[in-house]
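For the sequence shown, the numbering used here assigns the number 7 to the initial residue and increments by one for each residue that follows.
Note that the Cβ used here is the ideal one computed from N, Cα and C, for glycine as well.
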Amino acid sequence: MFQDRSTKVFVAALISIGIGTVVLKTLGSSPLEAGAFSLSEYYHLKPVEEIVSSNVARISRHWNSIEISYTDAAQIVTNEQSSASSPVNHALLNYHFIVCGGLIGEDGQIQSTEEWQRQLSTTPVGTWYGSDQTIHIGVIVDDRMTHATDFQIKRTEMLVKVLSRRLGIQPASIRYPDNWWQWRAWSRSS
Numbered sequence: 007m008f009q010d011r012s013t014k015v016f017v018a019a020l021i022s023i024g025i026g027t028v029v030l031k032t033l034g035s036s037p038l039e040a041g042a043f044s045l046s047e048y049y050h051l052k053p054v055e056e057i058v059s060s061n062v063a064r065i066s067r068h069w070n071s072i073e074i075s076y077t078d079a080a081q082i083v084t085n086e087q088s089s090a091s092s093p094v095n096h097a098l099l100n101y102h103f104i105v106c107g108g109l110i111g112e113d114g115q116i117q118s119t120e121e122w123q124r125q126l127s128t129t130p131v132g133t134w135y136g137s138d139q140t141i142h143i144g145v146i147v148d149d150r151m152t153h154a155t156d157f158q159i160k161r162t163e164m165l166v167k168v169l170s171r172r173l174g175i176q177p178a179s180i181r182y183p184d185n186w187w188q189w190r191a192w193s194r195s196s
C-alpha cells in the first residue's frame, strides 16, 4: 500500500497524534498524578523569602547557627483528624520553621512558628546541638518514613540558603540530620 518510506513515517506520525489526542480527551481536565517533583505543585507553595519575612517586624536576635531535625507527624497531630489541608498546631512545636510532608500540610510547605515570629529561642531537647541562638527547622515525617520527601529536601535547602545568606550564617554552622545527605544522593540517582 505505502511504498515510499517518508509516506510510512508520515502515516505513523498521524496515527500517533490521533491516539495521543484520544488519550488526552479521555483524561479530560483531571491532571495526571504528580511524580516525585511536579513543577506545578512546586509553584503553588509560598516563596521562602516571604515565609522568612512574614509576620516578623524585624529580625532582632543574633542567630548564629541552623539545625534541621526530623519530627514525627504523630507528635504533631492532636485528637483531630489531620489532612494535607489542615493547619499545624504550632503550640505543640518547638521549632522556628516546619517543613510539611503531605500528611500534615502540603508536601514542601514551610510554616514559620510563633517562636520565629516573636524571635524567641526554642528549648533544646533530645539530640539538639545548638544554643539559644540556633534556628531550629523541623522536617515532618511519618512513622513509616525515616527520610524527607524530594519537596521537603528542596524546600529545606532553599530555606537554609535564604536564612544563612540573610543572617550571615556560615555553612559550618548548619547541621542536618545524619541520613540527610545519603537520602538526598539516593533520591537524585533514582
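Check: Supposed contact pair Leu165 and Glu112 - C-beta distance, whole angstroms, cut 8 Å; Outcome: Rounded, the Cβ-Cβ distance is 15 Å, inconsistent with contact.
Check: Simplified DSSP state of Val131, which is helix, strand or coil; Outcome: coil
Check: Beta-carbon proximity list for Arg67, same chain, < 6 Å, skipping 5 on both sides; Outcome: Gln125
Check: Within 8 Å, strictly: CB atoms of Phe103 and Gln117; Outcome: yes
Check: Alpha-carbon spacing of Thr32 relative to Phe16, whole angstroms; Outcome: 24 Å
Check: Distance, Ile143 Cα to Thr119 Cα; Outcome: 10 Å
Check: heavy atom of the ligand SAH below 7 Å from Lys14 C-beta; Outcome: Ligands are entirely absent from the displayed structure, and the ligand SAH is therefore not among its contents.
Check: Cβ of Gly132 within 8 Å of any chain D Cβ; Outcome: The structure shown contains no chain D; it holds only a single protein chain.
Check: CB contact flag (Gln123, Asn70, <8 Å); Outcome: no
Check: Short Cβ contact (8 Å threshold) for Gln158 with Val145; Outcome: yes
Check: Best match in Arg172, Glu73, Ile23 for proximity to Glu56 [C-alpha to C-alpha]; Outcome: Arg172
Check: Proximity winner among Asn185, Ile141, Asp148, relative to Leu109 (alpha-carbon distances); Outcome: Asp148
Check: Run of the beta strand (DSSP E) containing Asp156, from where it starts to where it stops; Outcome: First-last for Asp156: 156-173, but that is the alpha helix (DSSP H), not the beta strand (DSSP E).
Check: Residue(s) in a DSSP beta bridge with Ile74; Outcome: Ile143
Check: For Arg181, the three-state DSSP class (helix, strand or coil); Outcome: strand
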